[in-house]
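Q:
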Amino acid sequence: RGGQDLGEFWDRHRFQSYQGVSVPGYPNMFSITGPYGFVLGSYLWMIEATSAHLARAIAETKRRGATVCEIRQEAHDEYFRKCLKRQEKNFLFTDVCAGSNTYYLDQNGDSPFRPTTHGEMYWQNRHYNLDVYRYSTASVVPETVASTAGESV
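The sequence shown begins at 92 in our numbering and counts up by one.
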């Protein structure tokens with residue numbers, strides 16, 4: 092929205108997303124491998140789970156006759172707070188890993204892995220409350236989209 096670059100947003104505000112899929116302020120943008128979406132282990136399970144999540148959001152958007160789907164800030168913030176709290180018990184933040192030079196921790200000292208089990212990830216991506224998203228109808232095509240519509244990738 093407004094041409095804000097996601098990388099710059101994450102540089103300023105830490106890596107974050109709702110279940111690894113959605114970031115507030117970025118309507119209709121869904122990620123398969125976003126922060127706090129991946130549980131250490133099977134990458135394929137994560138792709139399957141986040142794909143199910145975004146498929147539900149897109150289907151609900153269509154069912155409501157909407158054209159815009161955006162994660163609500165409150166829902167995102169609650170999920171992010173829970174992730175940060177739960178990751179405190181992660182082995183990466185224990186004395187076992189103290190002083191380690193690991194790529195599992197980012198520049199903020201966060202580990203943007205989803206601090207749940209595979210079962211929780213699987214269930215939560217398929218059964219989240221659909222009202223965590225805001226659904227609306229765009230009245231106009233944003234100028235940045237209209238200006239780049241003819242460009243090739």
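A virtual CB, placed ideally from N, CA and C, is assigned to each residue, including glycine.
1) In angstroms with no decimal places, state the Cα-to-Cα distance between K180 and R154.
2) Answer yes or no: do I162 and T141 have a C-beta to C-beta separation smaller than 8 Å?
3) Could you check where the alpha helix (DSSP H) with R172 kicks off and where it finishes?
4) Along the beta strand (DSSP E) that carries R225, what are the first and last residues, could you check?
5) Report yes if the CB atom of Q95 is closer than 8 Å to the CB atom of Y219, and no otherwise.
6) To which residues of the same chain is S108 closer than 7 Å at the C-beta, ignoring the five residues directly before and after it?
7) Using the Cα positions of Y117 and R225, report the straight-line distance between them to the nearest angstrom.
8) Quickly, what does DSSP pair E161 with across the bridge? List them, please.
9) Apart from the five residues just before and just after F106, which ones in its own chain have a Cβ nearer than 7 Å to its Cβ?
10) Measuring straight from C-alpha to C-alpha, what distance separates F100 and C174?
11) Taking the alpha-carbon of T207 as reference, which of N199, S191, R92, F182 has the nearest alpha-carbon?
12) Return the first residue and the last residue of the alpha helix (DSSP H) that G98 is part of.
A: Let's see:
1) 40 Å
2) no
3) 164-178
4) 224-227
5) no
6) V114, S122, G125, P126, Y127, G128
7) 12 Å
8) R225
9) P126, D197, D201, P203
10) 19 Å
11) F182
12) 97-104
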